[in-house]
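Scroll down for the structure; my scribbles are underneath it.
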Amino acid sequence: MKQTYKTLRQAVIIGIFDSQFGELAAWLDSDNRLIRLSFHIEDDLQHAVENGVLRDDNRVQFIASQIEEYQQGKRTEFNIAIGLNGTPFQMKVWDELNKIPFGETISYQTLATRVGNPKASRAVGRANGTNPISVIIPCHRVIGANGSLTGYEGGVLIKEKLLAFEKGAK
């Protein structure tokens, strides 16, 4: 798994819900902020049990509802309180990801240029790969310079489905 569970020390709730792209695990902190959204259900549940994180699927219903609206083409942006932890560079990359319009893609090199370091496409790729909140922070919209679908937290097949959905819904 690309992301470690280090940032989940403040997690108090994990909830699981279905989406058309696969099951998702949503992690909340004590302020009810989303700190992770993941397709790695089994790993996440194991970590939650080992660390005393309470499972409460109802507490993440507000996230599931917005994902449902997204899947129906009724939502292109999310209104969810997020509690991100990362390096200043990661935060800059994740902030820039939110500026990629629904249904559009950019290359890692373009993203590197947008964060002010055109030669840092690999570093941008690493920051993109550690994005803890897939779908909502749309790291799936970043592709290789040649148009190839490179890695994704939920797997390349899910990335392909997300991009095809957005293109068709646009």
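Note that the working numbering gives residue 106 to position 12 of the sequence shown, counting from 1, and the numbers run on in steps of one. We put the beta carbon where it would ideally sit given N, CA and C, even for glycine. Since this is a predicted model, take the numbers as computed values, not measurements.
In chain order, Ile-200, Pro-232, Arg-235 place their CB closer than 7 angstroms to the CB of Ile-194, counting only its own chain and leaving out the 5 sequence neighbours on each side. From the listed residues Val-229, Ser-215, Arg-220, the smallest Cα separation to Ile-252 is found for Val-229. Asp-151 is classed as exposed because its beta carbon has fewer than 16 other beta carbons within 10 Å across all chains shown.
According to the DSSP assignment, Arg-130 belongs to no alpha helix (DSSP H) but to the beta strand (DSSP E) extending over 128 to 132. Counting only unbroken stretches of 4 or more residues, the alpha helix (DSSP H) elements lying wholly within the stretch 158 to 220 are 182 to 191, 202 to 208, in sequence order.
In the DSSP assignment, Ile-110 falls within the beta strand (DSSP E) that extends over 105 to 111. In the structure shown, the three-state DSSP call for Ile-237 is strand. Just so you know, the alpha carbons of Asn-211 and Gly-262 end up roughly 32 angstroms apart. Here the stretch 164 to 181 makes contact with the stretch 119 to 131; the two share three or more CB pairs at distances below 8 angstroms. Annotated three-state conformation of Ile-227 is strand, per DSSP. Sequence-distant partners of Lys-213 (beyond 5 residues in either direction) whose C-beta falls short of 8 angstroms from its own C-beta, in its chain, are Ala-206. The beta carbons of Ile-135 and Trp-121 sit about 12 angstroms from each other, so the pair does not count as a contact at 8 angstroms.
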